[in-house]
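Reading the sequence shown from the start, the letters are residues 41 to 228 in the working numbering.
The beta-carbon is built from N, C-alpha and C at its ideal position, and this holds for glycine as well.
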Amino acid sequence: ENIMSRKTALLLSIVLFFGAAVAVMAQVDDTDAHDVTIDFNAIALLRLQDASTLTLNVQEPATEGAVPIGDTDSVLLQYTALIAVAETAKVTVQETSANAIDGSGITLNAVVSGIAAGGAGTKGTPTAGGNIQDAVAVDLISGIDSCYTGAGATDGATVDYTLTVSDPTSFNSDSDVTYTITYTLVVT
Numbered sequence: 041e042n043i044m045s046r047k048t049a050l051l052l053s054i055v056l057f058f059g060a061a062v063a064v065m066a067q068v069d070d071t072d073a074h075d076v077t078i079d080f081n082a083i084a085l086l087r088l089q090d091a092s093t094l095t096l097n098v099q100e101p102a103t104e105g106a107v108p109i110g111d112t113d114s115v116l117l118q119y120t121a122l123i124a125v126a127e128t129a130k131v132t133v134q135e136t137s138a139n140a141i142d143g144s145g146i147t148l149n150a151v152v153s154g155i156a157a158g159g160a161g162t163k164g165t166p167t168a169g170g171n172i173q174d175a176v177a178v179d180l181i182s183g184i185d186s187c188y189t190g191a192g193a194t195d196g197a198t199v200d201y202t203l204t205v206s207d208p209t210s211f212n213s214d215s216d217v218t219y220t221i222t223y224t225l226v227v228t
């Protein structure tokens, strides 16, 4: 009977030991984790809020015998930029259609008169702008960092066009010309 009780106790101990081991191994691990990497790609996007054709007219002067008067108009330029730490961006503008009126009787200038408060980030600083008829890129906005101007009807940088007439003898009333004006957001 003593041997039997010892065998029973040993058997019971073995069963309890394996039962406890199985119970421990059967526990569920209820947490896990993994890494998520967010990749910030460079972004340089721009658009004209209204990309329809602008018409600038050469108008009659207020006084007979004076030089005809050029016209003015504006467009809104909207942009988004995600720039690397050691870089900035700028917006350039240039005439890219290779159209020209003979002579130098007119000048088409573009300048940024302001950047609306919409959006966020460092939207840059307007530069002096200048004559965009020479097919050479003219800086309009410099010092752009990661930003966005907003995409609403009044958001963005206001680009003012000014047509100046200095010598009307270089063209006629049927000398209409269409310029293609191209804006570029350049990372520097």
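Nonlocal neighbours in the same chain, by C-beta distance under 6 Å from residue i, ignoring five residues either side
i: N171; result: T147 and N149
i: I123; result: A129, D185 and S186
i: S137; result: Y219 and T220
i: D179; result: K130, T132 and T167
Which listed residue (the options) has its alpha carbon closest to that of residue i
i: Y219; options: T95, T77, Q89 and V76; result: T95
i: A157; options: D195, V125 and T136; result: D195
i: P101; options: D216, A197 and S206; result: S206
i: T228; options: S114, A197 and A82; result: A82
i: A177; options: D216, V226, T198 and V125; result: V226
i: G145; options: N212, A126, A197 and F80; result: N212
i: D214; options: E127, N97 and A73; result: N97
i: G192; options: S53, D69 and Q89; result: Q89
i: T222; options: V125, R87, S53 and D75; result: R87
Buried/exposed call for residue i, threshold 16 Cβ in 10 Å
i: V152; result: buried
i: G143; result: The predicted position of G143 is uncertain, since its pLDDT is 49 and thus under 50; no value can be drawn from it.
i: G105; result: exposed
i: Q118; result: buried
i: G110; result: buried
i: L85; result: exposed
i: A168; result: exposed
i: V217; result: exposed
i: A197; result: buried
i: Q173; result: buried
Whole-angstrom C-beta distance between residue j and residue i, which should lie under 8 Å
i: T202; j: T112; result: 5 Å
i: T132; j: T224; result: 5 Å
i: A199; j: S114; result: Checking the displayed sequence, the identity of residue 199 turns out to be Val instead of Ala. The Cβ separation is near 6 Å, so the contact holds.
i: E135; j: A73; result: Rounded, the Cβ-Cβ distance is 57 Å, inconsistent with contact.
Contact set for residue i: own chain, Cβ-Cβ below 7 Å, skip 5 residues either direction
i: K163; result: I155, I184, C187 and T189
i: E127; result: V227 and T228
i: T120; result: I83, L85 and Y188
i: R46; result: none
Own chain residues within Cβ distance below 8 Å of residue i, not counting five before or after
i: T165; result: I181, S182 and G183
i: F80; result: L122
i: A160; result: C187 and Y188
i: V107; result: P101, V205, S206, D207 and P208
i: T103; result: none
beta-carbon residue i near the ligand SAM non-hydrogen atom, thresh 6 Å
i: A168; result: What this structure holds is no ligand at all, so the ligand SAM is not there to describe.
Give the list of continuous beta strand (DSSP E) stretches no shorter than 3 residues that lie fully inside the segment 88-155. 112-122, 129-135 and 146-155
Going along the chain, which unbroken runs of the beta strand (DSSP E) with 3 or more residues stay wholly within the segment 152-204? 178-184
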